[in-house]
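Working notes for the structure below.
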Amino acid sequence: MGDQTSEQAERPSAPPEAPASPTYAPVERTSLSILWQDTRYRHLRRRAVIAVAAGVAFGVLFGSWRLGLTAAILACVADAVYRARTVSSIPAWRRASAAERQTEAQLKKLERNGYKTLHARAIPGSEAQIDHLVVGPTGVYAVDSEKWDKRLPVRVQSHRKLFHGPFNQKPRLDEARWEAAQASDLISKALGREITVVPSLAIYGPPIPWRILNIREVDVFSGGLVRKWITKRERSLTNAEIDAIHRAAERVLPARYPE
Numbered sequence: 001m002g003d004q005t006s007e008q009a010e011r012p013s014a015p016p017e018a019p020a021s022p023t024y025a026p027v028e029r030t031s032l033s034i035l036w037q038d039t040r041y042r043h044l045r046r047r048a049v050i051a052v053a054a055g056v057a058f059g060v061l062f063g064s065w066r067l068g069l070t071a072a073i074l075a076c077v078a079d080a081v082y083r084a085r086t087v088s089s090i091p092a093w094r095r096a097s098a099a100e101r102q103t104e105a106q107l108k109k110l111e112r113n114g115y116k117t118l119h120a121r122a123i124p125g126s127e128a129q130i131d132h133l134v135v136g137p138t139g140v141y142a143v144d145s146e147k148w149d150k151r152l153p154v155r156v157q158s159h160r161k162l163f164h165g166p167f168n169q170k171p172r173l174d175e176a177r178w179e180a181a182q183a184s185d186l187i188s189k190a191l192g193r194e195i196t197v198v199p200s201l202a203i204y205g206p207p208i209p210w211r212i213l214n215i216r217e218v219d220v221f222s223g224g225l226v227r228k229w230i231t232k233r234e235r236s237l238t239n240a241e242i243d244a245i246h247r248a249a250e251r252v253l254p255a256r257y258p259e
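Letter 193 of the sequence shown, counting from 1, is numbered 193 in the UniProt record's numbering, and no numbers are missing.
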């Protein structure tokens with residue numbers, strides 16, 4: 001009896017129902033044409049075109065498919081080496097421009113004289129940025145670095161209009177002035193006292209036919225004069241004030257590309 005009871009307990013009372021057949025969502029297949037159009041593989045498309053062109057040219061020229069294949073492989077290798085040497089692995093949006101790097105190198109030399117700098121600081125709530133914010137004994141400065149085509153002349157009209165060739169740079173001046181005004185407001189509110197941020201435009205490339213000229217309330221000068229433009233003014237801030245303004249600027253003007 002006990003064995004029978006045990007045997008019955010081991011048996012399933014009823015066979016389980018067969019599970020419903022799973023329903024699979026249709027899988028979208030990636031075709032070669034889609035991959036070919038994908039911008040992420042632009043360099044591979046370029047390499048494939050170079051390889052095919054080299055292979056066909058050498059294959060036809062020497063009448064040998066082996067030489068054509070060898071030429072195609074060598075072309076791929078050469079393109080890969082060239083790309084590795086000329087294209088940075090750092091995304092373009094995180095790299096400073098050549099003009100910004102030149103200004104940054106100049107400003108670094110001011111640190112021994114008590115100046116502090118912040119680079120690529122965002123204006124909250126906007127897409128704008130201050131390329132370089134400088135705080136030092138002579139005041140607070142917003143420097144925007146510009147690399148312009150050296151083939152086009154730079155000229156000014158009535159001390160109110162700046163032209164690069166035929167192009168009116170009023171929007172660029174207005175932007176620089178607005179960025180400095182925003183920084184001034186944010187830092188002033190953080191410290192509870194008025195802080196003036198002086199706007200400027202440092203231009204690299206074409207010759208600038210003046211030393212320092214104020215146009216639409218923005219100081220405009222050749223990029224090589226950044227340090228002289230900052231240090232030529234009278235000392236107005238103490239070391240304690242410099243530290244306080246620098247700390248406040250770090251808080252209210254976040255880094256555009258944080259690590």
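The C-beta atom is built at its ideal place from N, Cα and C for all residues, glycine as well.
For my contact list, residue i and residue j are in at a C-beta cut-off of 8 Å; report their separation, rounded to the angstrom.
| i | j | result |
| --- | --- | --- |
| Ala202 | Val143 | 6 Å |
| Lys170 | Ala99 | Not a contact, Cβ separation roughly 20 Å. |
| Val197 | Ala180 | 4 Å |
| Leu225 | Ile215 | Actually they do not touch by this definition, with Cβ atoms about 15 Å apart. |
| Glu175 | Ala128 | 7 Å |
| Gln102 | Tyr204 | 6 Å |
Run the CB neighbour count on residue i, radius 10 Å, all protein chains shown included, and call it buried at 16 or more, exposed below.
| i | result |
| --- | --- |
| Ser200 | buried |
| His159 | exposed |
| Ile123 | buried |
| Arg172 | buried |
| Ser145 | buried |
| Ser21 | For Ser21, the pLDDT reaches just 47, beneath the cut-off of 50, and the residue's location in the model is therefore unreliable, leaving the point undetermined. |
| Ala75 | buried |
| Ser222 | buried |
| Leu61 | exposed |
| Val252 | buried |
| Gly68 | buried |
| Ala51 | buried |
Just to confirm before moving on: does the CB-CB distance between residue i and residue j stay below 8 Å?
| i | j | result |
| --- | --- | --- |
| Ile245 | Ile208 | no |
| Lys116 | Ile242 | yes |
| Ile187 | Ala249 | yes |
| Glu104 | His132 | yes |
| Gly55 | Ala72 | yes |
| Pro206 | Pro153 | yes |
| Val218 | Arg177 | yes |
| Arg227 | Lys109 | yes |
| Gly114 | Asn239 | yes |
Determine which residues share a DSSP beta bridge with residue i and list them.
| i | result |
| --- | --- |
| Ile73 | Paired residue(s): none; Ile73 is not in a bridge. |
| Leu213 | Val220 |
| Gln129 | Ala122 |
| Gln182 | BP columns for Gln182 are empty, so no partner. |
| Ala255 | Arg121 |
| Leu201 | Asp144 and Val220 |
| Asn168 | Phe163 |
| Arg155 | Phe163 |
| Lys116 | Val135 |
### Task
Could you tell me whether the stretch 135–142 touches the stretch 221–237, using the rule of 3 or more Cβ pairs below 8 Å?
yes
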